[in-house]
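Visitor:
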Amino acid sequence: MQKEAAKRADKHSSWLHNEEVLRQETERKMLNRSLALMLDEFKSEWKHKKTLLDEHCERLMMTVRERAEAQRHNLEKKYEVQRVPPVKYSTNTRDMVKQGKKI
């Protein structure tokens, strides 16, 4: 009788072990499948966010370039308007005086 009980207990424990192994395998498969889906979703979302970020950065760079160009243009205009007084002993001044041009 004890042998039969031990045999049944052993059979039951092996059945439980097999059931647990099967349950863990199916759970692992489901987790892997769900992880793959989550990764795909994350990659597509990240791709979208990256394109938005690239567009935003490009707009910022365009404004910086436009501002720099405007500042350079204004600076060139400012110095174009300002007349630099001639140097007394420069060759250009000497030539202008000899030609009778206004200094």
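My numbering puts the first residue of the sequence shown at 1, with every later residue one more than the last. Ideal Cβ placement from N, Cα and C applies to all residues, glycine included. Source: prediction; values computed, not measured.
Just how far apart, CA to CA, sit residue 61 and residue 41?
Guide: If you number the sequence shown from 1, residue 61 lands on position 61. If you number the sequence shown from 1, residue 41 lands on position 41. Between residue 61 and residue 41, the C-alpha separation is close to 30 Å.
Visitor: Starting from the C-beta of residue 30, find all residues in its chain whose C-beta is less than 7 Å away, skip the five residues before and the five after it, and write them out in chain order.
Guide: The residue you call residue 30 lines up with position 30 of the sequence shown. Excluding residues within five positions, none has a Cβ falling inside 7 Å.
Visitor: Using only the alpha-carbon positions, how far apart do residue 57 and residue 89 sit?
Guide: Within the sequence shown, the letter at position 57 stands for residue 57. Within the sequence shown, the letter at position 89 stands for residue 89. Whole-angstrom Cα-Cα distance: 53 Å.
Visitor: Taking the alpha helix (DSSP H) that residue 98 falls in, what are its first and last residues?
Guide: Numbered from 1 along the sequence shown, position 98 holds the residue referred to as residue 98. Unbroken alpha helix (DSSP H) run through residue 98: 91-99.
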